[in-house]
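In order, the protein sequence lines correspond to chains L and P.
Numbers 1 to 447, taken from this note's numbering, label the letters of the first sequence in order.
Numbers 448 to 951, taken from this note's numbering, label the letters of the second sequence in order.
Here the structure comes first, spelled out in structure tokens, and everything after it is commentary.
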Amino acid sequence: MSGHFIERARYTCAQGGAAATVTALPGGIPILHSPSGCAGNFAWTQNGGAGLQVGGYCGTLAIPSSSIQEHDVVFGGDKRLREQIENTLKVMDGGIYAVLTSCVTEVIGDDIKSVVADFREQGVPIIGAETGGFKGNSYLGYDLVLQALFRDFLERDIEKKKKRVNLWGVIPNYDPFWRGNLEEVRRLLEKFGLEVNSFFLADDTLDGIRQAGAASLNIVVSQAYGVGAAKLFEELHGTPYLSLPLPVGASASESFLRAVGKAAGVSAKRTNAVIGAEKKRYYRYLEPLTDCYNDLDLQRYAVVVGDANYATSLTRSLADDLGWLPELTVCTDPLKDEEQERIAGQLQRLESNYPTKLVFETDGSQIIGHLREQWPATGNGKYQNDFGPAFVLGSSLDRELALEIGAPHLSVSFPVANRAVLDRGYTGFRGGLRLIEDLVGVIVAGR
Amino acid sequence: MSHIDLKTAPRREDRLGACIAHGGTICEMAGAKGKKSCLQNDGERAFTQGSICLLLPALAMLNTLPDNVVLQHSAVGCGSCTHSQNANVRFGSAARQGRAKDGVWLSTAMNETDVITGGEEKLEQAIIEADRRYQPFSITVVSGCVPGIIGDDIDGVVQRIQPEVKARLLPVHCEGFKTKIWATAYDAVYHGIGRTLLRGGKQEETADGLSPFKGLERLPSTVNLMNVSSMGQVDELELERLLRTLTLDVNVFPVFAHPESMVKATQASLSISTCPTHDDYFLSYLEERFGVPALIQHMPIGIENTGLWLRDVAARFGIEQQAEQIIAQEESELRAALAEFRPLFEGKKVFISAGEFRALATARLLEEIGFTVVGIRSFHHDHFAEVEYRKLAASSREDYVIDIANVQPFEEANLLRRLKPDLFLGHANGNGTAAKLGIPTHVIYHTGLAYIGYKGVYEIARRLHRQLKNPVYNRKLSENVRLPYRDEWYGANPFTYINQGGAA
């Protein structure tokens, strides 16, 4: 890791994450308070990294932007922002509008809070978040939009409903598999008889979101993303939260359901019944792979590279579901110490007890060095215990690593430039099957 | 004094009077109804949608340079567009160097502390570390908005650090809020190349007025072919093929050219632009300083334009006769080959949207293969394109709308609902609006596809024919999704939000 730069950052800035998040809300219209180029930068970022998903109802270059210029930088951009919001309301047909600030408008000190508050007082469904790029990356932007939503859009002081839960922790597009990942977790929670609001799926509505304060429990399927928003939610609406690792695969999904079941007051009987039914189907589908899995010798060493959600969750599924050997796990997010500790904790509880080495490294080109420390390169002798057969499970930027060590590769974590993603996901039992299909599919592609 | 002697390239608003906000018509733009007046007095929109800034096209060029590291000095998001440009870098390097290679792009990821205390020291350290880690030939230090506002002096940093590092350091200024004409990007990149790679060194005057660097041979039958980042290798090969038939040797600059090779541009006897919007800044410099004359009109897209482009080149070498023969031969073969597609195109209405020169040249091409142009949206306007508007005004039977807009899909949605074209050609990430309205769409540039020269005409026709044979994807999409605009907007004047600049 360099102390002075980040190599090929696998995310964009807070405003970019925020814009993707607002676009994913039902009827969500972002309003960027920024120079003209920010929207285009995000469009091209998603085009290259989000599994070919660009846009949505109001995304990319359709996003309203104050497109401030040099004279606004000198004289302030508040006036331009007011004009832009007024006209946005005339042109754009939205259910919720969200003003998102940029580096420039924050450095010049534009006061968006009062501008947004004025419109809200007139009954406009509008929120605002200070998402200047220098504050952090796209994951922070996601958290900041959720915070703004919880603070200024949700109804306050509404009665709690016992079976109602909110679900978040997966950032739209910057997790290219966001829809599938949320849908499968939602499906599992519904098996528990819970009513789920998940903000960003086709089944979610703005009315449901407005009533999110009625939830008795918030479930954040991340140990890093959206946790700040969960704390704020608890403060404002009194709903406790569970922050759990993204449940990828059968083993993690079982742990996930047990943890949620306990916190949501689901009876042990029901929890066992749901897990039992899911596992039964999972193994029924997995069973026919067994001959080929053995005949083709499909067990692999692995290097797993991913963001704070994926790195350890993919490693867990490889180690605990498939019996693979993930020697090295690389988390590419710049994280705070306490976040790193939480994420590391997940790997200390592997069912298989497989001792993977976890490193936090933002720069992809340095991963080979970490691998060589873990598994030194062997010579050319007759008997060599090489690092192989191996697999690289990461982002499309890890193809060079895969080439270097002669391993096949699958892109899962952002950027995913070389796959098209619509509603595929890797969470839950079903996602576990998808992961196996995709991993094995790559290995046998030349068959 | 040359612009290159200045610290930064001037904005195109100032240098060329370029504009981005105007609603007009082809006849007006061509001067038939009185000279267009938005130059220097550009309008402003009271409602705008996001677009791009000069950073994106600048990076699209810089990311392709072999053996170069792009070091972005800004907040972490600036330049994340490289994720999509990297696909182009991979395909382009596979085609040209035989191996798909990722670009190397870094960000100083300026944080809140840097904003307060300044980011120069961080940038210095980043340059030193990048030089050691990647050992590149060059490092392009690209500034974004934040250093532009807090006053980081990237030129000063580069000057201070250059003696400590092996890589050549090229500062490139891309502070997005400073210009609304993103074509300023090309000037910013060429400014860096000119100042750093083509600056020092003694020159020798030669008998024919060229002044290459001392020790560098001048090459009488070599031309510089100026490519653009939206051109794929397939298009370069077509133009090289045509130039070689004129017995010329061709060097291609600057996209995918090794920074060390840029100096060869000073040895050629002619520079040929493929996009006047792209190249005027650099070609003027090559002409003024090194005596390399430039051809900077016509984009070789379409039958007529490719012929005009070739004739211009041939005239410089006194081989007009040869060119006429080649053009006649090429055109006759091409027209015969197009015959099978024409019936499907004849009379179909088309709307075109892209960077000004590309949009206009492509419009002419589409007319040539049988379509009727009903509207064009140019991303900006400057005087280089006037001749193109005149060509289109002359060839069109009826006047039609010209929207000068830095994207602004809301204006486009309004126009498309009125005009109901049968086909839409748009920029990358710019076809969604038309697609959601159910109009068949095709991308107006893609580096994997052919667009340029005679081959390009044929390949575009072939692709459009394919697309029009089954346009069901967009039709079904339009039946099931809607655009994010209020119904009332479609009844309003599409140019409602343009506050026109100064009058004529």
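Note that CB positions come from ideal geometry on N, CA and C, so glycine has one too.
Looking at chain L, is there any beta carbon in it that lies within less than 9 Å of the beta carbon of residue i?
i        : result
Ala522/P : yes
Leu486/P : Reliability of the predicted coordinates at Leu486/P is poor, the pLDDT of 48 falling under 50, and no value is obtained from them.
Lys627/P : yes
Ser961/P : No answer is possible for residue 961/P: it lies beyond the span of chain P, which begins at 448 and ends at 951.
Leu503/P : yes
Val928/P : yes
Asp634/P : no
Tyr920/P : no
Phe826/P : no
Ser498/P : yes
Between the alpha carbons of residue i and residue j, how many angstroms are there, rounded?
i        : j        : result
Met746/P : Leu686/P : 11 Å
Ser449/P : Glu70/L  : 25 Å
Gln582/P : Asp696/P : 32 Å
Leu439/L : Leu781/P : 47 Å
Thr205/L : Ser198/L : 9 Å
Thr943/P : Val890/P : 28 Å
Arg758/P : Ile719/P : 12 Å
Ser114/L : Ala808/P : 48 Å
Gly679/P : Cys528/P : 19 Å
Pro790/P : Gly817/P : 8 Å
Arg646/P : Tyr732/P : 11 Å
Glu611/P : Ile575/P : 8 Å
Val444/L : Ser253/L : 27 Å
Leu286/L : Gly94/L  : 44 Å
Ala273/L : Glu351/L : 21 Å
Gly683/P : Asp602/P : The identity of residue 683/P in the sequence shown is Glu, whereas the question assumes Gly. Spanning the two alpha carbons is a distance of roughly 34 Å.
Arg151/L : Leu236/L : 7 Å
Thr555/P : Val523/P : 7 Å
Ala505/P : Pro701/P : 12 Å
Quick one: does residue i have its CB under 9 Å from some CB of chain P?
i        : result
Gly399/L : Reading the sequence as shown, one finds Arg at residue 399/L and not Gly. True, the Cβ-Cβ gap to chain P drops below 9 Å.
Gln84/L  : yes
Tyr11/L  : yes
Glu7/L   : yes
Lys90/L  : yes
Ser365/L : yes
Ser255/L : no
Asp204/L : no
Ala98/L  : no
Val359/L : no
For residue i, write down the residues that DSSP places opposite it in a beta bridge.
i        : result
Asn197/L : Asn166/L
Val13/L  : Note that residue 13/L is Cys in the sequence shown, not Val. Asn137/L, per the DSSP bridge assignment.
Glu652/P : BP columns for Glu652/P are empty, so no partner.
Val670/P : Val697/P and Leu717/P
Pro172/L : Asp175/L
Ala98/L  : Pro30/L and Ile127/L
Cys500/P : Paired residues: none, contrary to the question.
Val185/L : DSSP output for Val185/L lists no bridge partner at all.
Cys331/L : Gly306/L and Phe360/L
Tyr932/P : Met92/L
Ile586/P : Val516/P and Leu616/P
Less than 8 Å separating the Cβ of residue i from some heavy atom of the ligand HEM?
i        : result
Leu812/P : Of ligands this structure carries none, so the ligand HEM is not represented either.
inquiry  = Give me the subset of the segment 25-51 of chain L whose CB atoms are less than 7 Å from a CB atom of chain P, sorted by chain position.
reply    = So the list reads Ile29, Leu32, Pro35, Ser36, Gly37, Cys38, Ala39, Gly40, Asn41, Ala43, Trp44, Thr45, Asn47, Gly48 and Gly49, given in the order they occur along the chain.
ask   = Do the segment 683-697 of chain P and the segment 631-644 of chain P make contact, defined as three or more Cβ pairs closer than 8 Å?
value = The segment 683-697 of chain P makes no contact with the segment 631-644 of chain P: fewer than 3 CB pairs, one atom from each, lie closer than 8 Å.
query = Any residues in the segment 402-414 of chain L with a beta carbon nearer than 8 Å to a beta carbon of chain P? Which ones, in chain order?
reply = none
Contact residues within the segment 153-173 of chain L, judged by C-beta distance below 9 Å to chain P = none
task = For the segment 141-156 of chain L and the segment 10-25 of chain L, state whether three or more C-beta atom pairs, one from each stretch, are separated by less than 8 Å.
result = Three or more Cβ pairs drawn from the segment 141-156 of chain L and the segment 10-25 of chain L lie within less than 8 Å of each other, which places the two stretches in contact.
ask   = Per the contact definition of three or more C-beta pairs closer than 8 Å, is the segment 317-330 of chain L in contact with the segment 294-306 of chain L?
value = Yes: the two stretches touch, three or more of their Cβ pairs being nearer than 8 Å.
ask   = What residues in the segment 121-141 of chain L bring their beta carbon closer than 7 Å to a beta carbon of chain P?
value = Within the segment 121-141 of chain L, the qualifying residues are Gly133, Phe134, Lys135 and Asn137.
task = Inspect the CB distances between the segment 655-670 of chain P and the segment 707-716 of chain P and report whether three or more fall short of 8 Å.
result = yes
key: Stretch pair the segment 818-838 of chain P + the segment 891-904 of chain P: three plus CB contacts closer than 8 Å   = no
request  = Compile a chain-ordered list of the residues in the segment 55-70 of chain L whose CB is closer than 8 Å to at least one CB of chain P.
outcome  = Listed by position, the residues of the segment 55-70 of chain L near chain P (Cβ gap below 8 Å) are Gly55, Tyr57, Cys58, Thr60, Leu61, Ala62, Ile63, Pro64, Ser65, Ser66, Ser67, Ile68, Gln69 and Glu70.
query = Within the chosen definition, does the segment 355-370 of chain L reach the segment 24-34 of chain L through at least 3 CB pairs nearer than 8 Å?
reply = no
task = Taking only beta carbons into account, state which residues of the segment 414-429 of chain L come closer than 8 Å to chain P, listed in chain order.
result = Taking 8 Å as the Cβ-Cβ cut-off, the segment 414-429 of chain L approaches chain P at Pro415 and Ala417, given in chain order.
ask   = For the 8 Å Cβ check, are there 3 or more pairs between the segment 865-883 of chain P and the segment 793-810 of chain P?
value = yes
query = Using 8 Å as the threshold, is the segment 302-311 of chain L in touch with the segment 399-419 of chain L, meaning 3 or more CB pairs across them?
reply = yes
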